[in-house]
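Asks: The following block contains the structure, expressed as structure tokens.
Protein chains in written order, with the numbering used here: chain A, 1 to 445; chain B, 1001 to 1445.
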């Protein structure tokens, strides 16, 4: 949430900033020690700037009697995020440190899924009544200002049932004539966020509307809180991290790299790696079918990695581009036909480029080293034709897999580059050896 | 920039929203036609919600006399972004449509690199003088409010030389006593952004400080404008897109997927793909060295794709995790030693897991199909040992390459998964065949 950042005297600031920079490198004990060596306001700024996970870890190291003032420093939504990061048995004791109204707010926030609008929102915001005059509203807001932790430039207009009627900016209150009522100056055409909306959709709503905050309402139109744009920055960053990690063929780490334990790290990576390995072991089966050809023309085996990796690389490009375009909302499910047409042509083009390089490469090597036997030219033709086929196939598989996954209700980002490469490797082998069989029939084979 | 989103009557809204959703799917002519069919306010909202590129394309389709009111709808920084998207010869005519002061502002914004703080900032913001009383400041702000396109909750306190002295929030003005001067209530400990700061650093500054806006100052401390957090959301999204595309082994597209022409798309992808292909063609050289072994024991060739792809996959995981951790500031250059120690152990663990699966796989296949000849057990041992070596090697290369690139001043995200896979494929072959030679000496070889 938006907390005023207070810059300290130059020297102290550096110290506190250094500590913030070094934070992820320190073991918990060193963190605590350096933290306690800071002046109180420096320490508070540092604490506020930490992630919820770091805050939680630090808080649990602090002696119990001192915890209260640190926890109470946080806005209710940030306190809820912190409490979600601690082990279950530590939650109740922490909740009991909060004052009664905040505890109720945090409790109801904890009931929301972390990834919903309800889990992002702050339940504290400035509210006014429609029948107030502008001057009354200003006086009323002045009184509320003391308790608010948010510094939003809007006040929300609610009826006695907490139903959201409109919104009014401080600027509009400033510029209104003194006798006007809030109802007369408020805007009633509102963009609202349902409390169960997924955080990715919330971030898209901010993208189209470009407001600093959006009100969260329940199914009856009652206002529950506000989501502010600074939380959206975190959402955008988090979602990108998850997608990148999936594209790289791991499960999402859900924590900073250096803070994941070795065992946790292996667990996050071994799953996909094993699946890919088992899938890739089909290449041994595929190659087994062509064992006779390999025995007869060992030269064919030399180009296996080159041909199949080209399919994997072009497929990896295609899947990555489509996954990102989907995440940004640039490509939707029903665009699959436009995508496949483009990728078909792109795949043909890219395959032809690689085929040309491949032919030049084989002919040059043959001229220099006589590496590939009497039928080198036919080998080059077989490699070139296979490259066009394999790259085209890789591109199509890579671009369509995210559509298939999304259609099945799965995360398109699971169509990771290595996953596509594995799929394409097996089929790539079949394309290569079948092509070679046709091209080299009667000569090498 | 923050523009008030005005929600229309239910039915019209849907129409405008549908059009916004379908925007990227329409050809330019259809866009123009549907756009002109909208009511003026709907059309304005749609226009404001488009990306700078879409705005520019649309504007150039609109008849020249009508362009002015659309261009003037934009805040100066957004107008500058739009003008950066049009061909050079169209820039001057568009600039001439702006009013004189805005033209000067936009002109000076165009002088900044798009990726600098100066290129992100809005030169319009609310300003007050330190010697004003709070009441004078409020009256003065009311007058300014009419011209502002920003709806920030802060006013900046400047001296006559435009030097930034402090900041005061509307809330602080509200809650101050009437007789106080601005100097008495303003905060003077400021976080400022140098105008030449890179946008990624700007986004990190927002992450630690959690403010809605930061003032941009030049080397002499003169205030040039404000960067608001909604621009930071775009920066975070853009930078993630660039990284994802690079990790996927393409150049950054710099435009939505469906808007890149086929030729442009091939150009963005062919470069890396060709480099990878040439690199990968070293696998043919490496395998050429082991041609005798392959001829003698064709069974060895069957496991080539399996073994080398495991190195590529584990290397791709490692590089992706490290690239993202670097981008998030979780891992820095000097952390390389901590990373390599972790990855060494992770690589050993992951390699052992795959080796175990590999042994089970080969023994099962042998029991079922008698596929691998009399020395199947030694083949399994050779494959298993190679897997440990190749996965370990892939993990280390993948995790260290981003460090090497950053050390050389290059973008770590260029250490794409396919790049690592290519590096590892060649060495993986050498590891595999060398291991096989040792294990199978006197038996198969």
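Here a beta-carbon is modelled for each residue, glycine too, at the ideal position from N, C-alpha and C.
For clarity, every value in this text was computed on a predicted model and none was experimentally measured.
Closer than 9 Å between beta carbons: that is the criterion. Which residues of the segment 162-177 of chain A meet it against chain B?
Replies: Going along the segment 162-177 of chain A in chain order, one finds 169, 170, 171, 172, 174, 175 with a Cβ nearer than 9 Å to chain B.
Asks: Would you kindly work out how many angstroms separate the C-alpha atoms of residue 124(A) and residue 225(A), rounded to a whole number?
Replies: So the alpha carbons of these two residues sit roughly 6 Å apart.
Asks: Residue 115(A) CB to nearest chain D CB: under 7 Å?
Replies: Among the protein chains in the structure shown, which are A and B, there is no chain D.
Asks: Counting C-beta neighbours from all protein chains within 10 Å, is the total for residue 1408(B) 16 or more, i.e. buried, or is it exposed?
Replies: Looking at its Cβ environment, which holds fewer than 16 other Cβ atoms inside 10 Å, residue 1408(B) is exposed.
Asks: In this structure, does DSSP put residue 268(A) in helix, strand or coil?
Replies: Correct three-state label for residue 268(A): helix.
Asks: Could you pull out every residue in the same chain whose Cβ sits closer than 7 Å to the Cβ of residue 1140(B), ignoring the five residues on either side in sequence?
Replies: Cβ within range, chain order: 1128, 1132.
Asks: Using a Cβ-Cβ cut-off of 7 Å, state whether residue 1316(B) counts as contacting chain A.
Replies: Yes, residue 1316(B) lies at the interface with chain A (some Cβ there is under 7 Å from its Cβ).
Asks: Spatial neighbours of residue 214(A) within its chain, please: CB distance less than 8 Å, with the 5 preceding and 5 following residues excluded, ordered by chain position.
Replies: Counting only Cβ-Cβ distances below 8 Å, and skipping sequence neighbours, we find 191, 192, 193, 202, 205, 206, 226, 227.
Asks: Between the alpha carbons of residue 237(A) and residue 332(A), how many angstroms are there, rounded?
Replies: Each residue's alpha carbon lies about 22 Å from the other.
Asks: Where does residue 1127(B) sit, in a helix, a strand or coil, going by DSSP?
Replies: In this structure, residue 1127(B) counts as strand in the three-state DSSP scheme.
Asks: Note the first and the last residue of the continuous beta strand (DSSP E) segment covering residue 1167(B).
Replies: Start and end: 1164-1169.
Asks: Sorted by chain position, which residues of the same chain lie with C-beta nearer than 6 Å to residue 1419(B)'s C-beta, five sequence neighbours on each side aside?
Replies: Closer than 6 Å at the Cβ level, and outside the excluded window around residue 1419(B), lies no residue.
Asks: Can you tell me which residues form a DSSP beta bridge with residue 1225(B)?
Replies: For residue 1225(B), which the question treats as bridged, DSSP gives the partners 1216(B).
Asks: Sort 1025(B), 1345(B), 1287(B), 1305(B) by Cα distance to residue 426(A) and report the nearest one.
Replies: Looking at the Cα atoms, 1305(B) is the closest of the given residues.
Asks: Can you tell me the Cα-Cα spacing of residue 1335(B) and residue 1154(B), whole angstroms?
Replies: Each residue's alpha carbon lies about 39 Å from the other.
Asks: How many Å lie between residue 391(A) and residue 1277(B) at the Cα?
Replies: Cα to Cα, the separation comes out at about 11 Å.
Asks: Under the rule that 16 or more other beta-carbon atoms within 10 Å means buried, what is residue 1158(B), buried or exposed?
Replies: So residue 1158(B) counts as buried.
Asks: Can you pull the DSSP bridge partners for residue 187(A)?
Replies: According to DSSP, which records beta bridges pairwise, residue 187(A) is partnered with 167(A).
Asks: How many angstroms separate the CA atom of residue 1072(B) from the CA atom of residue 1101(B)?
Replies: Roughly 12 Å between the two C-alpha positions.
Asks: Is it right to say residue 1069(B) is buried, meaning 16 or more other beta carbons lie within 10 angstroms of its own, or is it exposed?
Replies: Looking at its Cβ environment, which holds fewer than 16 other Cβ atoms inside 10 Å, residue 1069(B) is exposed.
Asks: By how many angstroms is the C-alpha of residue 308(A) removed from the C-alpha of residue 117(A)?
Replies: Distance between the alpha carbons of residue 117(A) and residue 308(A): 45 Å.
Asks: Does the segment 369-380 of chain A come close enough to the segment 281-294 of chain A that 3 or more CB-CB pairs lie under 8 Å?
Replies: The segment 281-294 of chain A, when compared against the segment 369-380 of chain A, does not touch it at the 8 Å Cβ threshold.
Asks: Return the chain-ordered list of same chain residues with a C-beta closer than 7 Å to the C-beta of residue 176(A), the five sequence neighbours on each side being excluded.
Replies: Excluding residues within five positions, the ones whose Cβ falls inside 7 Å are 134, 185.
Asks: On the DSSP bridge assignment, give the partners of residue 1155(B) in chain order.
Replies: DSSP, once it has assigned bridges, lists 1168(B) as partnering residue 1155(B).
Asks: Threshold first: 4 residues or longer. Then list the alpha helix (DSSP H) segments lying entirely within the segment 1081-1127 of chain B, N to C.
Replies: Entirely contained in the segment 1081-1127 of chain B, the alpha helix (DSSP H) runs reaching 4 residues are, in chain order, 1088-1095, 1100-1110, 1117-1120.
Asks: Could you tell me the alpha carbon to alpha carbon distance between residue 399(A) and residue 115(A), rounded to whole angstroms?
Replies: Approximately 28 Å between the Cα atoms of the pair.
Asks: To which residues of the same chain is residue 82(A) closer than 6 Å at the C-beta, ignoring the five residues directly before and after it?
Replies: Here the set comprises 52, 55, 56.
Asks: Quick check on the burial criterion: 16 or more other C-beta atoms within 10 angstroms. Buried or exposed for residue 41(A)?
Replies: Looking at its Cβ environment, which holds fewer than 16 other Cβ atoms inside 10 Å, residue 41(A) is exposed.
Asks: Measuring CB to CB, does residue 1321(B) end up less than 7 Å from residue 257(A)?
Replies: Result yes, Cβ atoms of residue 1321(B) and residue 257(A) sit closer than 7 Å.
Asks: Our contact map puts residue 167(A) next to residue 187(A) with C-beta atoms below 8 Å; I'd like the distance itself, whole angstroms only.
Replies: Going by Cβ atoms, the distance from residue 167(A) to residue 187(A) rounds to 6 Å, so yes, they are a contact pair.
Asks: Can you give me the C-alpha to C-alpha distance between residue 343(A) and residue 183(A), rounded to a whole angstrom?
Replies: For residue 343(A) and residue 183(A), the distance between alpha carbons rounds to 55 Å.
Asks: Tell me the residue span of the alpha helix (DSSP H) that contains residue 1045(B).
Replies: Run containing residue 1045(B): 1040-1049, per the alpha helix (DSSP H) assignment.
Asks: Does DSSP put residue 412(A) in a helix, a strand or coil?
Replies: DSSP places residue 412(A) in helix when its eight states are reduced to three.
Asks: Are the beta-carbon atoms of residue 1164(B) and residue 1223(B) separated by less than 7 Å?
Replies: Yes, Cβ-Cβ distance for residue 1164(B) and residue 1223(B) is below 7 Å.
Asks: To the nearest whole angstrom, what separates the beta carbons of residue 415(A) and residue 429(A), a pair I think is in contact under 8 Å?
Replies: With a Cβ gap of about 21 Å, residue 415(A) and residue 429(A) do not count as contacting.
Asks: Using a Cβ-Cβ cut-off of 8 Å (strictly less than) and excluding sequence neighbours within five positions of residue 1261(B), which residues of its own chain qualify?
Replies: Here the set comprises nothing.
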